[in-house]
Every structure is written in structure tokens, then in C-alpha cells.
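**Student:** My questions all concern the structure below.
Residue numbers (the working numbering): 1089 to 1391.
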């Protein structure tokens, strides 16, 4: 009987998917699992050869690029497991994270979502969760370069530096989102109005509203190549980033959401200023794209 259904969404990241799947097979020893790969009509059709390497993987080929949330919803419909593990294609398991997450989920009666500690390719600690949901306070914190949250959360700021399981007030990042299938369905699954970005945040808010809790499981360890599944910041992706955040505010009716929009822009402008004075040409180009988007957005109707 399958315990965990691992869902990986692909868009032009064939080699990353292969490396991710290999790590799952190599590291997962104590849990019965299945792997479901949902391809969002990648222009590069290498993914169609995936079953030559991994015959047991369920490969679902979409007839359009449905977006991250919608693709995960499709994968969930094919899932047989009690648990769903939504895993980014640009992740590599360091240890038997799947078994560790499964065992600990069973011990946490109020758990809605759990996640591992995430690491960079050179094994440095990176963001694995958010301590709060987006809102006025989190945007004020960004404006002050994270100083407020650094003082408040210390050893738990987006990464669990301890050996203890930690209940968090915010949400687990979508790179390694481990949830019981019945909770996923009860919450209403991903809102497909979100094409990319903020979709796991909005889903997590609904899960939280149902009374479930979120936990960081530091014993589980996963490398996240951060952005490996996305090719840079195009104008379109920058637009998705901002529009999804604004859509989140509208859908969750976040207090002072119009003010939060402008605080978000101010915090971005502060970061962009330092990006523009760097010698890194590619970083400057990204900053200019962000500035152009903010300028255009400020001159149209606000949310």
C-alpha cells in the first residue's frame, strides 16, 4: 500500500527532475511511495523519455501550461497515497526526509502541513518556511531589512537551527510541502487563479483556518537549488510575482492590504537601490526590470 505520493511539477527541467527522482529512490528506505510527474507542456519534450529511466513513475502530460498549483491538483487526482509530498523539481534529498516527515506527521495530531530544513547546493541553511502570513507586519519587517523578525524569531527565522520540531505561525514553502491527502482535499486544493507564486501561501491560509497547524521538522534535510526550476526573472515572471501577492491580499482580505502593497514596493525599492549600484551586470538588469514593473503598476488602478 502506498503511503506517500510524491508530486513533481515539470516545465523544461528534465535533468533536474531526473536528479530529484534519483535522490528519492536512493534515500527513501522506510516508506512505500509513488512518484507522479506532471509536465506543463514543456517545449523541450525530453520529459517524454522519463519512463525509460524510471518505469514506475506516473507521467502525466498536460495539454497546456496550467501553472504550479493547477498541475499539483492534477497530480493529486492521480495519487494513491495517504500523504501528498509536493516536491520542487530543483530539490535533492540529503537523507530519508520522506520517512522522517511521515513518521513525525503521525505523531502530531493537529498537523496540517510539515516541511524539512532546506539547504543550498553548498549545504548552507536557506529559507524553509515563513514565520507569519503576509500582511502589514511582515511588509513593515521587509521595509526594515528583516530586523524585526530577526529579533523576534532568532533561531527560528525561516530555518530551524535547533534539533527540535517547531510549530510555526506561518506556512511551509512550496518546495517541500508535505500534507495529508484528505486535508488537501478538505481545504479545497490549490486555487487555480494563481498561476505562479503565493499559491501555497493562500492554500496554507485556508488550511490554517480549518484549525490545522504547521511544523518544521529539522531532522529531514533537502537541498533546494532555488530557482533552478525557473530560468531567471523575465518581465512576465516579475509580473506574476507582484500580481500573485496582490491576488493573495484580495482573496484573504488581509487587513490594510492596500497599504501592504505600497510597503512591498518600498521594501523592494530599498533592495533595488543597492542592486543598482553593484558591479554585477545581470543583477542590475533584474533590478531595472523590477523598477519598470513598479513604475507601470503605480500608474494604473491599485487593488
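Think of the CB as a built atom: it goes at the ideal place given N, C-alpha and C, for glycine as much as any other residue.
Kindly indicate which three-state DSSP category residue 1159 falls into: helix, strand or coil?
**Tutor:** Residue 1159 falls in the helix class under three-state DSSP.
**Student:** Could you have a look at residue 1123 and say whether DSSP puts it in helix, strand or coil?
**Tutor:** Residue 1123 falls in the strand class under three-state DSSP.
**Student:** Return the Cβ separation of residue 1184 and residue 1116 in integer angstroms, given the expectation that the two are a contact with Cβ distance under 8 Å.
**Tutor:** 6 Å between Cβ atoms; contact.
**Student:** Can you grab the Cα-Cα spacing for the pair residue 1286 / residue 1095, in whole Å?
**Tutor:** If you take the alpha carbons of residue 1286 and residue 1095, they lie about 18 Å apart.
**Student:** When the Cα of residue 1111 is compared with those of 1166, 1142 and 1126, which residue comes out closest?
**Tutor:** Nearest C-alpha to residue 1111: 1142.
**Student:** Under 8 Å, do residue 1273 and residue 1198 count as touching if we go by C-beta distance?
**Tutor:** Going by C-beta atoms, residue 1273 is not nearer than 8 Å to residue 1198.
**Student:** Compare the Cα-Cα distances from residue 1282 to each of 1155, 1341, 1265 and 1294 and report the closest residue.
**Tutor:** When only C-alpha atoms are compared, the closest one is 1155.
**Student:** Taking 8 Å as the cut-off, decide whether the C-beta atoms of residue 1130 and residue 1099 are in contact.
**Tutor:** Going by C-beta atoms, residue 1130 is nearer than 8 Å to residue 1099.
**Student:** Assuming residue 1274 is part of the alpha helix (DSSP H), what are its boundary residues?
**Tutor:** Start and end: 1269-1274.
**Student:** Do residue 1157 and residue 1307 come within 8 Å of each other at the CB atom, strictly closer than that value?
**Tutor:** Against a cut-off of 8 Å, the Cβ pair of residue 1157 and residue 1307 comes out as no contact.
**Student:** Kindly indicate which three-state DSSP category residue 1099 falls into: helix, strand or coil?
**Tutor:** Coil at residue 1099, not helix or strand.
**Student:** Beta-carbon within less than 7 Å of residue 1263's beta-carbon, same chain only, minus the 5 sequence neighbours each way: which residues are those?
**Tutor:** Around residue 1263: 1176, 1179, 1206 and 1312.
**Student:** Could you give the DSSP three-state label for residue 1281: helix, strand or coil?
**Tutor:** Note: residue 1281 maps to coil in three-state DSSP.
**Student:** Quick check on the DSSP output: the alpha helix (DSSP H) that includes residue 1195 runs from which residue to which?
**Tutor:** Start and end: 1185-1195.
**Student:** With C-beta atoms as the reference, is residue 1150 less than 8 Å away from residue 1135?
**Tutor:** Taking 8 Å as the Cβ cut-off, residue 1150 and residue 1135 do not qualify as a contacting pair.
**Student:** If you follow the beta strand (DSSP E) that residue 1310 is part of, which residue opens it and which one closes it?
**Tutor:** That run of the beta strand (DSSP E) goes 1301-1312.
**Student:** Are the beta-carbon atoms belonging to residue 1218 and residue 1258 less than 8 Å from one another?
**Tutor:** Cβ atoms of residue 1218 and residue 1258: closer than 8 Å.
**Student:** Work out the CA separation of residue 1097 and residue 1159 for me, nearest whole Å.
**Tutor:** Distance between the alpha carbons of residue 1159 and residue 1097: 6 Å.
**Student:** Helix, strand or coil: which one does DSSP assign to residue 1090?
**Tutor:** Coil at residue 1090, not helix or strand.
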